[in-house]
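The structure appears below as structure tokens.
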């Protein structure tokens, strides 16, 4: 009988501890969410590097506009802008559930020599695109250093963030955004390509390219919460 | 003598047909793109726009010029053949060739001068194309970054990095058209009326172009030696990075073909029994 009581007591303690951890994780997530939600809009001068297997795009400099919750536009002084479909996914806030969600503590992990708290956030509704978000958080600074979001329609989106000048506002200096890329092929009879490179060169170059697409954005400066008008985002896409 | 040959070429109305065709073709494409360019671009870029939002002035003068040049890939050589195929055969047909050969000028020189005149015509046609295609397109559509859709790549070139590529591309195209003029001249030496060489040049270019563009392994060995494969070398300047080695090789192939065609023409014409 005594043995049973002991077992029950230990189980109860473990349960309480788990609950406490859950609460800490939830608190951390709420703090992070509040920090992110404080940014209503921003415009930032950015340098963008696109590293997608089938894309040969030089580094693009431009101005990135964001307005919460779902408006984003890259303006390049008359040049072409390229943003991933559903580009607002590049905003951290859109990679995390913003309604009621279950937050699970997944322990700690060390990334770049820094110990980070890992939490998993599962939305309580099935209506949104997000199925699960895993966030690596610097607990001291309350900053998301990495996110991995599994979506219903856009595969898994991974994002690494580096902070500097704007860490108080929770805005990164550099974001590396990983996306799943699809195959790109147009019949040669249509494009009438010039076979400049030999087949071996092409295969070699293709094998060097990462399977996942990688978009890197360096934010040079931010202008935050100035009340960007919606008209800025209304552009005819060609 | 060159002036006389140029005079002969430019006094014929058919010479100006080519300039008219190039103008009409470029204007038709430009007007079509003014009217329905957005749909065309959306269709062309559907492979990329499934994953990316492309914004800004995609349909700009540089892209329109590229579309025109791409569309005229087959037509320009045919227009060159229209004149170059006539330079020797046309004289034979009119019965003026014997008269021409009574002049104290070697047959080799006559062939070379006629070839030079045909090349001058080809260069003028290309220059006209540059003015009409590039000049008017920039006027109608403005400038911007150039999107080049390859079969396996989506290449973007920044607008400040494009004009030199067009200059280099037109220079390369001039070399390619010189080869076409040389081929037409060779066929012209064999015939006594200009229809044969013109049609012959067209036929050879169309057939070889099919070999060059069809992506079938069976043609892989042959097509690297066909001049039609290398005629599109101008497109290499719109790649990133520019495949200079391949362009150099293509240029060498075209020069070799030109020398062979002109050499064969001189060789044959010197021995030819002129009956008309």
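Residue numbers (the numbering used here), protein chains in the order written: chain A, -3 to 234; chain B, 870 to 1145. The beta-carbon is built from N, C-alpha and C at its ideal position, and this holds for glycine as well.
Report the CB separation of residue 871/B from residue 953/B in whole angstroms; it is logged as a contact under 8 Å. The pair is not a contact, with the Cβ atoms about 15 Å apart (cut-off 8 Å).
Can you tell me whether residue 899/B is buried or exposed, with buried defined as 16 or more other CB within 10 angstroms of its CB? buried
Under 8 Å by Cβ, that's how I've got residue 894/B and residue 943/B pegged, so tell me the actual separation to the nearest angstrom. About 11 Å separates the two Cβ atoms, so there is no contact after all.
Does the beta-carbon of residue 1075/B have 16 or more other beta-carbons within 10 angstroms, so that it is buried, or is it exposed? exposed
CB of residue 1108/B to nearest heavy atom of the ligand GDP: below 7 Å? For the ligand GDP, the structure offers nothing, since it holds no ligand at all.
List the residues of chain B whose Cβ lies closer than 8 Å to the Cβ of residue 62/A, in chain order. Chain B residues near residue 62/A: none, gap ~14 Å exceeds 8 Å.
Beta-carbon proximity list for residue 1123/B, same chain, < 8 Å, skipping 5 on both sides: 1044, 1045, 1047, 1048, 1096, 1099, 1100, 1102
Answer with yes or no whether the minimum CB distance from residue 923/B to chain A is below 8 Å. yes
Excluding the 5 residues preceding and the 5 following residue 125/A in the sequence, name in chain order all residues of the same chain whose CB lies nearer than 8 Å to its CB. 147, 148, 149, 150
Quick check on residue 80/A - is its C-beta less than 8 Å from some C-beta in chain B? yes
Pairs of beta-carbons, one from the region 1003 to 1010 of chain B and one from the region 908 to 925 of chain B, closer than 8 Å: are there three or more? no
Comparing C-alpha positions only, which one of 976/B, 1113/B, 1105/B sits nearest to residue 1149/B? The first residue shown for chain B is 870 and the last is 1145, placing residue 1149/B beyond what the model contains.
At what residues does the beta strand (DSSP E) containing residue 40/A begin and finish? 37 to 47
Secondary structure of residue 973/B, DSSP reduced to three states: coil
Name the residue from 1073/B, 1057/B, 1031/B whose alpha carbon lies nearest to the alpha carbon of residue 934/B. 1031/B
Under DSSP, the beta strand (DSSP E) around residue 127/A begins and ends at which residues? 126 to 134
Environment of residue 901/B [buried if 16+ CB atoms lie within 10 Å]: exposed
Report the partner residues of residue 99/A according to the DSSP bridge assignment. 117/A
Within the same chain, show all residues whose beta-carbon is closer than 8 Å to that of residue 128/A, passing over the 5 residues directly before and after it, in chain order. 116, 117, 118, 145, 146
Show which residues of chain A have a CB atom less than 8 Å away from the CB atom of residue 887/B. What residue 887/B touches in chain A: nothing, since even the nearest Cβ is about 22 Å away.
Excluding the 5 residues preceding and the 5 following residue 8/A in the sequence, name in chain order all residues of the same chain whose CB lies nearer than 7 Å to its CB. Only weak support is given to the placement of residue 8/A: the predicted model assigns it a pLDDT of 49, under 50, and the value that follows is read from those uncertain coordinates. No residues qualify anywhere along the chain.
Meets three-Cβ-pair contact criterion under 8 Å: the region 1023 to 1039 of chain B and the region 46 to 56 of chain A: yes
Nonlocal neighbours in the same chain, by C-beta distance under 8 Å from residue 216/A, ignoring five residues either side: 40, 41, 42, 43
Alpha-carbon to alpha-carbon, residue 949/B and residue 991/B: 6 Å
Distance, residue 886/B Cα to residue 209/A Cα: 50 Å
Quick one, which of 156/A, 226/A, 224/A has its alpha-carbon nearest residue 130/A's? 156/A
Going by CA-CA distance only, name the one from 1143/B, 1013/B, 1133/B, 980/B that's closest to residue 956/B. 980/B
Which residues mark the beginning and the end of the alpha helix (DSSP H) in which residue 1009/B is found? 1005 to 1010
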